[in-house]
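J.: Before we start, here is the structure in question, set down as structure tokens.
Number of protein chains: 2
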Amino acid sequence: MAIVTGQYLPGAILPGEFELAETRSVSRSVVREALRILAAKGLIESRPKAGTRIRNRGDWNLLDPDILAWTFEAEPSATFVENLFQLRMIVEPSAAELAAKFRTARQIGRMGHALEVMEEMGLATAEGQAADQQFHNVLLEATANDLLVSLSGSIGTAVRATALFKARKAKQLRDSIPLHRDLFSAITNGDPAAAKAACVTLILQAHEDTELSLKP
Amino acid sequence: MAIVTGQYLPGAILPGEFELAETRSVSRSVVREALRILAAKGLIESRPKAGTRIRNRGDWNLLDPDILAWTFEAEPSATFVENLFQLRMIVEPSAAELAAKFRTARQIGRMGHALEVMEEMGLATAEGQAADQQFHNVLLEATANDLLVSLSGSIGTAVRATALFKARKAKQLRDSIPLHRDLFSAITNGDPAAAKAACVTLILQAHEDTELSLKP
DNA sequence: CAGGACCAGTTGTCTGACAACATATCCCAT
DNA sequence: ATGGGATATGTTGTCAGACAACTGGTCCTG
Numbered sequence: 001m002a003i004v005t006g007q008y009l010p011g012a013i014l015p016g017e018f019e020l021a022e023t024r025s026v027s028r029s030v031v032r033e034a035l036r037i038l039a040a041k042g043l044i045e046s047r048p049k050a051g052t053r054i055r056n057r058g059d060w061n062l063l064d065p066d067i068l069a070w071t072f073e074a075e076p077s078a079t080f081v082e083n084l085f086q087l088r089m090i091v092e093p094s095a096a097e098l099a100a101k102f103r104t105a106r107q108i109g110r111m112g113h114a115l116e117v118m119e120e121m122g123l124a125t126a127e128g129q130a131a132d133q134q135f136h137n138v139l140l141e142a143t144a145n146d147l148l149v150s151l152s153g154s155i156g157t158a159v160r161a162t163a164l165f166k167a168r169k170a171k172q173l174r175d176s177i178p179l180h181r182d183l184f185s186a187i188t189n190g191d192p193a194a195a196k197a198a199c200v201t202l203i204l205q206a207h208e209d210t211e212l213s214l215k216p
Numbered sequence: 001m002a003i004v005t006g007q008y009l010p011g012a013i014l015p016g017e018f019e020l021a022e023t024r025s026v027s028r029s030v031v032r033e034a035l036r037i038l039a040a041k042g043l044i045e046s047r048p049k050a051g052t053r054i055r056n057r058g059d060w061n062l063l064d065p066d067i068l069a070w071t072f073e074a075e076p077s078a079t080f081v082e083n084l085f086q087l088r089m090i091v092e093p094s095a096a097e098l099a100a101k102f103r104t105a106r107q108i109g110r111m112g113h114a115l116e117v118m119e120e121m122g123l124a125t126a127e128g129q130a131a132d133q134q135f136h137n138v139l140l141e142a143t144a145n146d147l148l149v150s151l152s153g154s155i156g157t158a159v160r161a162t163a164l165f166k167a168r169k170a171k172q173l174r175d176s177i178p179l180h181r182d183l184f185s186a187i188t189n190g191d192p193a194a195a196k197a198a199c200v201t202l203i204l205q206a207h208e209d210t211e212l213s214l215k216p
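Residue numbers (the numbering used here), protein chains in the order written: chain A, 1 to 216; chain B, 1 to 216.
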């Protein structure tokens, strides 16, 4: 978190492994395994004698779910949120389009079930939110593209994190269930254009709500 | 690689750490740090007594550059290549659009320089390929969206891997430099629609060439 | 037959030591 | 005085052995 929030700048050298172990009261093994995780995500780079250096942001795996979570643990910058919505606007409508083309009967059934739960429980409840997530997961699965699933899964992590901010600021959010219903029927009807349009509307509304709650 | 190529199926249990250490003739520390890397990328999950289990493909971080590289180390499945082009077709044209909007004079200069090197050296040389990569990197940077940079960077890893296949099959590939020039001038002119169109053409050509070299 | 206590095996952590490597320094020859 | 090579030193990389923590299965008991 200190790295992603910019407390260590790219190019900076982290404290040595012995020092990290001592200050955190753990053994060097634990420190090393932790550093390996960060290195696997592209955050750092270690070389003998030179120490462990923060890599350039361009080398970071920003779409890694953990990195996204760490980014949103602290209040993320406005431009980052903006970038996230830009990316959603690029990816998700096309995904909805594909889902409308390739969805199976079984997937329609599962999405319909999730939608019912959302309508019954509401999006304020934990069950409703789980159903929402389920709805989107099945939609992605229907695209029949593993890469899209993985990408949108990561994005989903970040979106859920922003949702926490929206809830924290306790504004009255508009109900997104009708828009979900539109999206669902477009996919059921096998109408890619309508699915794309519905998805765009959904993201725009989320974008507006998020902006309201971030700029009070 | 054994995991991503499906030699270990999701749900399967890996050999224990002691056994892995012995069979590979390394210490357990090395095995553990390696497993931590895989866990960081979502491939595996370890629990005391239960062992280390392969996670579902849906949990894998498929866009991680390493995972992409491992996937393409072996001959990837046709559907995976198809999915990759589908994703490129969704992301890159929009990225070109943004780049045409937000590019700075300096970025135009750097892209122009890279293009010159490509024209001079040709795409068969290492210098030409480096310039090609540089061209695309600057383009991404011009979108002013870190998430897009990261995403397309990962995709670039995979694309370069497929390029190796194309070269290996030694078909006569069409020259993509004129298309790059079209894309460059659209971005220079600040014409988003033209940039998007040029990018679509570029990807289509790459797609066709790749299909030819994969299905002989 | 159900529920709880126990056992055993695997990962998780700790410790101490040495090897490999790269940087920085120093010295020597030019 | 200066460039280049040998050397010193500090950091990461690897090894070995031991014990702790956790958990899944087994066994026993009510």
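Ideal Cβ placement from N, Cα and C applies to all residues, glycine included.
#1: Who are the Cβ neighbours of B:E73 in its own chain at under 7 Å, not counting the five residues just before and after it?
#2: Going by Cα to Cα distance, which pick from A:L139, A:Q86 and A:Q129 is closest to A:R110?
#3: What span of residues does the beta strand (DSSP E) with B:G51 cover, start to end?
#4: Could you tell me which chain A residues have their CB closer than 8 Å to the CB of B:V91, listed as they occur along the chain?
#5: Along the chain, where does the alpha helix (DSSP H) that runs through A:R47 open and close?
#6: Against chain A, with Cβ distances strictly below 7 Å, would B:R53 count as a contact?
#7: Could you tell me which chain B residues have their CB closer than 7 Å to the CB of A:E33, listed as they occur along the chain?
#8: Could you compute how far the alpha carbon of A:E257 sits from the alpha carbon of A:R57?
#9: Could one say the Cβ of A:N83 lies closer than 7 Å to chain B's Cβ atoms, at least one of them?
#10: From the DSSP secondary-structure annotation, give me the bridge partner or partners of B:I13.
#11: For the stretch 204-215 of chain B against the stretch 108-127 of chain B, are there 3 or more C-beta pairs whose distance is under 8 Å?
#12: Can at least three beta-carbon pairs, one atom from the stretch 42-56 of chain A and one from the stretch 11-19 of chain A, be found at a separation below 8 Å?
#13: Pull up the CB-CB distance for A:A95 and A:S185, whole angstroms please, since I reckon it's below 8 Å.
#14: To the nearest angstrom, report how far apart A:H136 and B:G128 are at their CA atoms.
#15: With three or more beta-carbon pairs closer than 8 Å as the criterion, would you say the stretch 154-161 of chain A touches the stretch 56-71 of chain A?
#16: I need the DSSP call for A:T71, collapsed to helix, strand or coil.
#17: Could you list which residues in chain B have their beta carbon closer than 8 Å to that of A:R57, in chain order?
#18: Looking at the structure shown, is B:V159 part of a helix, part of a strand, or coil, going by DSSP?
#19: Quick one, which of A:H113, A:T162, A:V30 and A:T201 has its alpha-carbon nearest A:L84's?
#20: Out of curiosity, what's the CA-to-CA distance linking A:P76 and A:S213?
#21: Looking at the structure shown, is B:S27 part of a helix, part of a strand, or coil, going by DSSP?
#22: Where does A:D175 sit, in a helix, a strand or coil, going by DSSP?
#23: A:D59 by DSSP, collapsed to three states: which one?
T.: Well, looking at it:
#1: Here the set comprises M1.
#2: A:L139
#3: G51 to I54
#4: Result: I90 and V91.
#5: Counting along the chain, A:R47 falls outside any alpha helix (DSSP H), though it belongs to the beta strand (DSSP E) covering I44 to R47.
#6: no
#7: R32, E33 and R36
#8: For residue 257 of chain A there is no data in the structure shown, the boundaries of chain A being 1 and 216.
#9: yes
#10: Partner(s): B:R53.
#11: no
#12: yes
#13: That belief does not hold up - the Cβ atoms of A:A95 and A:S185 are roughly 17 Å apart, past 8 Å.
#14: 42 Å
#15: yes
#16: helix
#17: Residues of chain B with a Cβ closer than 8 Å to the Cβ of A:R57 are, in chain order, D146.
#18: If DSSP states are grouped into helix, strand and coil, B:V159 belongs with the helices.
#19: A:T162
#20: 13 Å
#21: coil
#22: coil
#23: DSSP places A:D59 in helix when its eight states are reduced to three.
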